[in-house]
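Enquirer: Protein chains in written order, with the numbering used here: chain A, 1 to 226; chain B, 1001 to 1226; chain C, 2001 to 2226; chain D, 3001 to 3226.
All C-beta atoms, glycine included, are put in the ideal place defined by N, C-alpha and C.
Please read all numbers here as calculations on a predicted model, not as lab measurements.
Following this line, the structure appears as structure tokens:
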């Protein structure tokens, strides 16, 4: 291994790291329901005269659940996809992955802040909170990517360089737009938040199939085991 | 691969997707207990003169836990079984699976709404909420199935066509009954809810053993590793 | 396969079922901390004049956490051990396993009921609740065992019959004592509960190493991969 | 196997134990967000005149989340790393691992106690609680280590003895400093807590690459599959 692509600490495979990360994603998605207390439940709303109306009045909670689910789900889709790109792990990659997962764990806070203040006088402050939260999450994702790209440390060595450059452009551009959404949100809260959410929606679209150096295409079996 | 059965985005194996989905199911089942606060606990009921009576007065919470567990458990049993039918995954399948899991994560809300209003004036509204919730969950399941069936995109190619047709009939019929339970619930809340729950109970029954094209039966080892 | 040992529904390997069950155990153990709110936290105790005393006054919560952890942990140890005995899964086994996991998910309720009423006038009622809860959990475990033993449906066929008989005696005896603890608790709450907890502690002890039919001992590699 | 390195109960591989432990870590990290209720949420702060200020006033909750995440994350990094050192599991190792996981599950309690009383008259008591909590967690980790080292019971037999001695020194020293932080915290709360946290931060640094006996270096494939 060349000095340039040196890994730090003990090298390890990716399977366990991915299983751990998948568990964090799965819990983050499933915990969302804990925040919504059904009308009539001991800790839920009481004293309503119409159940459907009482449930409709919880629209902020429902919107928060949907948005959190969509954002965490979109990052999970990319995370799942990237398993075909990253090939191993080292200490630095594990620690950066923990930072990225911290952003995933924390992201419901700014999203809920926005949902609970939409249409109130605090909407501008909440919108900035949300777009900063989304931008930091995107930056944490990019941190992992750049660490992996630097010297192709943990990348699958068989991937075609132009494929990796294409992905760097895609992820980099999306992150830049995500960051640009912050000043836009300061100037115009709703367009700013919309741009930030569009960026996340982009990650729900299918990404390009990995391309390999000539003759280094992995077998069909390996593809479907990753 | 023929154009007809084209997958979208990078093809991947199913193991990691299944591990992720299993984690969501496991958490959804285990989180149910968080909703019940024991009498005498800081956030639980206080001031009772008989503990057993105080616990019995929590019958709505206990019923909700049992029903949520049965419904999520029944879908897990089918999900677990379907691993023998689906053979791989692509981007569209991952996204549809996320939608299906959203239904699983959210289903305690309508079930609890029903349990907390059973026998009250709000029971008819709550019953409709519950049967709509169950019908949408069944539809999300069917969405995955039809996506997989269309061009046999992600199905195990060795399965006998008549087996797949049989399963489509079974799942399709169950979903149609589930949908029919919604207008029935509008007209007659308890029979409607009963029909919807019977449909779910049907999924707790054993499904037919997969049948394969002649000479394409997988080895015993493969069967028990899936 | 003889009629006697027929499995129901599609046969499957045990790995995914075990991963799913392990996730339920892991979540059940980790969720316990959610019930204890630190003094000074928004939902925790306030207005104390001595922090250490305020934490000591939460001894019921701490005791409940320890007991729940020990009980769920003891069942996990047996569950983990039994992977060497069970060799596959079928529909009935999956459904019985879901029932067993329901007992695991629910067991904090009776344990907490006891901890929150220890030394109060409700202790006798709470003690019965707890010993019934522990007995039902043991019965759910035995249900899985007897289902597997009947015709050796899902057991590893290489195990020595006398080893399986020994385990049936051990588990059966422990369950009988667990059940006998219920009437004892009715007559004498503390001795009854102590007997029930001793039974669980027995499961924390190492179980006998599996013995095999002559010449059917699995390889060392298989042993450490299970 | 010599008497000296005898394992207790049925020997098993480490994969399932590690998957279970990883799930506990993943849940412990992800549950942290449940403690922070967004301003404006049904159970969150209300009646603020400035949203950003209301969020800033939750600095104790945010600090607690960060510290808990860093501490649990640091132990996860070591736990993940140690998979290259431990090679199998037995009954005693499983039980000690459950004890270690209990410390991980419980550690948010003392950390939160400190965060909620920082700068108040209760800070000295809270600081002692936290450094005792961290010291006990380190001791639980050492318990696993010494059990594995005694007769090299569950250690990878190919590891170079001097590598194992080096790790014993590193872990042992860190644990001793962690324990020494307790009396220091009694005398001087902030320096004591700082020392305890520095110890944890040390575990976030990369550990030495495992060294093997001559000619017993595992293959690259095995390294990246662990």
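(1) Look up residue 2167 of chain C in the DSSP assignment and give the residues it is bridged to.
(2) Determine the DSSP secondary structure at residue 2086 of chain C, reduced to helix, strand or coil.
(3) By the three-class DSSP mapping on this structure, what secondary structure does residue 159 of chain A have?
(4) Tell me the rounded alpha-carbon separation between residue 3063 of chain D and residue 3050 of chain D.
(5) When DSSP builds the beta bridges, which residues end up paired with residue 1212 of chain B?
(6) Taking only the alpha-carbon atoms, compute the straight-line gap between residue 37 of chain A and residue 3041 of chain D and give it to the nearest angstrom.
(7) For a quick check, are the C-beta atoms of residue 2139 of chain C and residue 2111 of chain C less than 8 angstroms apart?
(8) What first and last residue would you give for the alpha helix (DSSP H) that runs through residue 50 of chain A?
(9) Taking C-beta to C-beta, are residue 3105 of chain D and residue 2033 of chain C nearer than 8 angstroms?
(10) Pick out the complete alpha helix (DSSP H) segments inside the segment 1070 to 1134 of chain B, 4 residues or longer, and give them in chain order.
(11) Skipping 5 residues on each side, what residues in its chain have a beta carbon closer than 6 angstroms to that of residue 70 of chain A?
(12) If we count the other Cβ atoms within 10 Å of its Cβ and call it buried at 16 or more, is residue 192 of chain A buried or exposed?
(13) What distance in whole Å lies between the Cβ atoms of residue 2178 of chain C and residue 2196 of chain C, which are believed to be in contact at a cut-off of 8 angstroms?
(14) Just curious, the alpha helix (DSSP H) that residue 1191 of chain B is in, first and last residue?
(15) Show which residues of chain B have a CB atom less than 7 angstroms away from the CB atom of residue 26 of chain A.
(16) Tell me, please, whether the CB atom of residue 105 of chain A is closer than 8 angstroms to any CB atom in chain D?
(17) Answer yes or no: do residue 2086 of chain C and residue 2164 of chain C have a C-beta to C-beta separation smaller than 8 angstroms?
(18) In terms of residue numbering, what span does the alpha helix (DSSP H) encompassing residue 2033 of chain C cover?
(19) Is the Cβ-Cβ distance between residue 1129 of chain B and residue 1113 of chain B less than 8 angstroms?
(20) So, helix, strand or coil for residue 61 of chain A, using DSSP?
(21) Looking at residue 3091 of chain D: is its Cβ nearer than 8 angstroms to the Cβ of residue 3021 of chain D?
(22) What whole-angstrom Cβ distance do residue 48 of chain A and residue 56 of chain A have, given they're in contact under 8 angstroms?
(23) Around the Cβ of residue 2150 of chain C, are there at least 16 other Cβ atoms within 10 angstroms (buried) or fewer (exposed)?
(24) Pick helix, strand or coil for residue 219 of chain A, following the three-state DSSP scheme.
(25) In this structure, does DSSP put residue 24 of chain A in helix, strand or coil?
(26) Mark residue 3126 of chain D as exposed unless 16 or more other C-beta atoms lie within 10 angstroms of its C-beta, in which case mark it buried.
(27) Measuring only between beta-carbons, confirm whether residue 2206 of chain C sits less than 8 angstroms from chain D.
(28) Would residue 1159 of chain B pass as a contact of residue 1097 of chain B if the rule is Cβ separation under 8 angstroms?
(29) Assuming residue 3074 of chain D and residue 3204 of chain D are in contact, meaning their beta carbons sit under 8 angstroms apart, how far apart are those beta carbons, in whole angstroms?
(30) Report yes if the CB atom of residue 2093 of chain C is closer than 8 angstroms to the CB atom of residue 2147 of chain C, and no otherwise.
(31) Is it buried or exposed for residue 3046 of chain D, if we count other Cβ within 10 angstroms and need 16 for buried?
(32) If you run the structure through DSSP and keep just helix, strand and coil, what is residue 41 of chain A?
(33) Nearest to residue 121 of chain A by CA position, among A:189, A:72, A:175 and A:212, is which residue?
(34) Out of A:123, A:119, A:136 and A:172, which one is the CA nearest neighbour of residue 145 of chain A?
(35) Quick one: Cα of residue 2061 of chain C to Cα of residue 1031 of chain B, how far?
(36) Compare the Cα-Cα distances from residue 206 of chain A to each of A:170, A:44, A:24 and A:118 and report the closest residue.
Expert: In brief:
(1) Locating residue 2167 of chain C in the third chain gives position 167, where the first residue counts as 1. Residue 2167 of chain C pairs with nothing; no bridge assigned.
(2) Counting from one through the third chain, the residue named residue 2086 of chain C turns up at place 86. Of the three classes helix, strand and coil, the one that applies to residue 2086 of chain C here is strand, per DSSP.
(3) Within the first chain, numbered from 1, the residue matching residue 159 of chain A stands at position 159. Strand at residue 159 of chain A.
(4) The sequence position of residue 3063 of chain D within the fourth chain is 63, counting from 1. The sequence position of residue 3050 of chain D within the fourth chain is 50, counting from 1. Going by C-alpha positions, residue 3063 of chain D is about 21 angstroms away from residue 3050 of chain D.
(5) The count along the second chain starts at 1 and reaches residue 1212 of chain B at position 212. Looking at the DSSP assignment, residue 1212 of chain B forms a beta bridge with B:1159.
(6) Working through the first chain from its first residue, we reach residue 37 of chain A at position 37. Working through the fourth chain from its first residue, we reach residue 3041 of chain D at position 41. Distance between the alpha carbons of residue 37 of chain A and residue 3041 of chain D is about 11 angstroms.
(7) In the third chain, counting from the first residue as 1, residue 2139 of chain C sits at position 139. In the third chain, counting from the first residue as 1, residue 2111 of chain C sits at position 111. Taking 8 angstroms as the Cβ cut-off, residue 2139 of chain C and residue 2111 of chain C do not qualify as a contacting pair.
(8) Walking along the first chain from the start, residue 50 of chain A turns up at place 50. Per DSSP, residue 50 of chain A lies in no alpha helix (DSSP H) and is assigned neither H nor E.
(9) Here residue 3105 of chain D is taken as the residue at index 105 of the fourth chain, counted from 1. Here residue 2033 of chain C is taken as the residue at index 33 of the third chain, counted from 1. Judged by beta-carbon spacing, residue 2033 of chain C lies within the 8 angstroms limit of residue 3105 of chain D, meaning their Cβ atoms are closer than that value.
(10) If we require 4 residues or more, the alpha helix (DSSP H) runs fully inside the segment 1070 to 1134 of chain B come out as 1091 to 1106 and 1108 to 1115.
(11) In the first chain, counting from the first residue as 1, residue 70 of chain A sits at position 70. Closer than 6 angstroms at Cβ, skipping near neighbours: no residue.
(12) Residue 192 of chain A sits at position 192 when you count from the first residue of the first chain. By the Cβ-count criterion, residue 192 of chain A is buried, with 16 or more other Cβ atoms from all chains shown falling within 10 Å of its own Cβ.
(13) Numbered from its first residue, the third chain carries residue 2196 of chain C at position 196. Numbered from its first residue, the third chain carries residue 2178 of chain C at position 178. At roughly 6 angstroms, the Cβ-Cβ gap stays under 8 angstroms, so residue 2196 of chain C and residue 2178 of chain C are in contact.
(14) Position 191 of the second chain holds residue 1191 of chain B. Segment 1189 to 1202, the alpha helix (DSSP H) holding residue 1191 of chain B.
(15) For this step, residue 26 of chain A is matched to residue 26 along the first chain. Near residue 26 of chain A (Cβ distances below 7 angstroms), the residues of chain B are 1020, 1023, 1024 and 1027.
(16) Residue 105 of chain A sits at position 105 when you count from the first residue of the first chain. Contacts with chain D at 8 angstroms (Cβ-Cβ) include residue 105 of chain A.
(17) Reading the third chain from its first residue, position 86 is the one you call residue 2086 of chain C. Reading the third chain from its first residue, position 164 is the one you call residue 2164 of chain C. No, the pair does not count as a contact, with Cβ atoms beyond the cut-off.
(18) Start at 1 with the first residue of the third chain, and residue 2033 of chain C comes out as number 33. Counting along the chain, residue 2033 of chain C falls outside any alpha helix (DSSP H), and DSSP gives it neither H nor E.
(19) Along the second chain, read from residue 1 onward, the residue named residue 1129 of chain B stands at position 129. Along the second chain, read from residue 1 onward, the residue named residue 1113 of chain B stands at position 113. Taking 8 angstroms as the Cβ cut-off, residue 1129 of chain B and residue 1113 of chain B qualify as a contacting pair.
(20) Working through the first chain from its first residue, we reach residue 61 of chain A at position 61. In this structure, residue 61 of chain A counts as helix in the three-state DSSP scheme.
(21) By 1-based counting over the fourth chain, the position of residue 3091 of chain D is 91. By 1-based counting over the fourth chain, the position of residue 3021 of chain D is 21. In this structure, residue 3021 of chain D does not lie closer than 8 angstroms to residue 3091 of chain D by Cβ.
(22) Taking the first residue of the first chain as 1, we reach residue 48 of chain A at position 48. Taking the first residue of the first chain as 1, we reach residue 56 of chain A at position 56. Actually they do not touch by this definition, with Cβ atoms about 10 angstroms apart.
(23) As a first step, residue 2150 of chain C is located in the third chain; it is residue number 150 there, counting from the start. Its Cβ having fewer than 16 others within 10 Å, residue 2150 of chain C is exposed.
(24) Taking the first residue of the first chain as position 1, residue 219 of chain A is located at position 219. Secondary structure of residue 219 of chain A (DSSP, three-state): coil.
(25) As a position in the first chain, residue 24 of chain A is number 24, starting the count at 1. It is helical.
(26) Working through the fourth chain from its first residue, we reach residue 3126 of chain D at position 126. It counts as buried.
(27) Stepping through the third chain from its first residue, residue 2206 of chain C is reached at position 206. Residue 2206 of chain C counts as touching chain D.
(28) The count along the second chain starts at 1 and reaches residue 1159 of chain B at position 159. The count along the second chain starts at 1 and reaches residue 1097 of chain B at position 97. No; because the gap between Cβ atoms is not below 8 angstroms, this pair is not in contact.
(29) Counting from one through the fourth chain, the residue named residue 3074 of chain D turns up at place 74. Counting from one through the fourth chain, the residue named residue 3204 of chain D turns up at place 204. Their Cβ separation, rounded to whole angstroms, is 5 angstroms, which keeps residue 3074 of chain D and residue 3204 of chain D in contact under 8 angstroms.
(30) Mapped onto the third chain, residue 2093 of chain C falls at position 93. Mapped onto the third chain, residue 2147 of chain C falls at position 147. Between residue 2093 of chain C and residue 2147 of chain C, the C-beta spacing is below 8 angstroms.
(31) Here the question's residue 3046 of chain D lines up with position 46 in the fourth chain. Residue environment analysis places residue 3046 of chain D among the exposed positions, since fewer than 16 neighbouring C-beta atoms fall within 10 angstroms of its C-beta.
(32) Counted from its first residue, the first chain places residue 41 of chain A at position 41. Secondary structure of residue 41 of chain A (DSSP, three-state): coil.
(33) Your numbering for residue 121 of chain A matches position 121 in the first chain. If we check each option's Cα against that of residue 121 of chain A, A:189 comes out closest.
(34) Counting from one through the first chain, the residue named residue 145 of chain A turns up at place 145. Selected option, being the one with the closest Cα: A:172.
(35) In the third chain, counting from the first residue as 1, residue 2061 of chain C sits at position 61. In the second chain, counting from the first residue as 1, residue 1031 of chain B sits at position 31. Cα-Cα distance, rounded: 19 angstroms.
(36) Position 206 of the first chain, counted from the first residue, corresponds to residue 206 of chain A. Nearest neighbour of residue 206 of chain A by Cα position, chosen from A:170, A:44, A:24 and A:118, turns out to be A:170.
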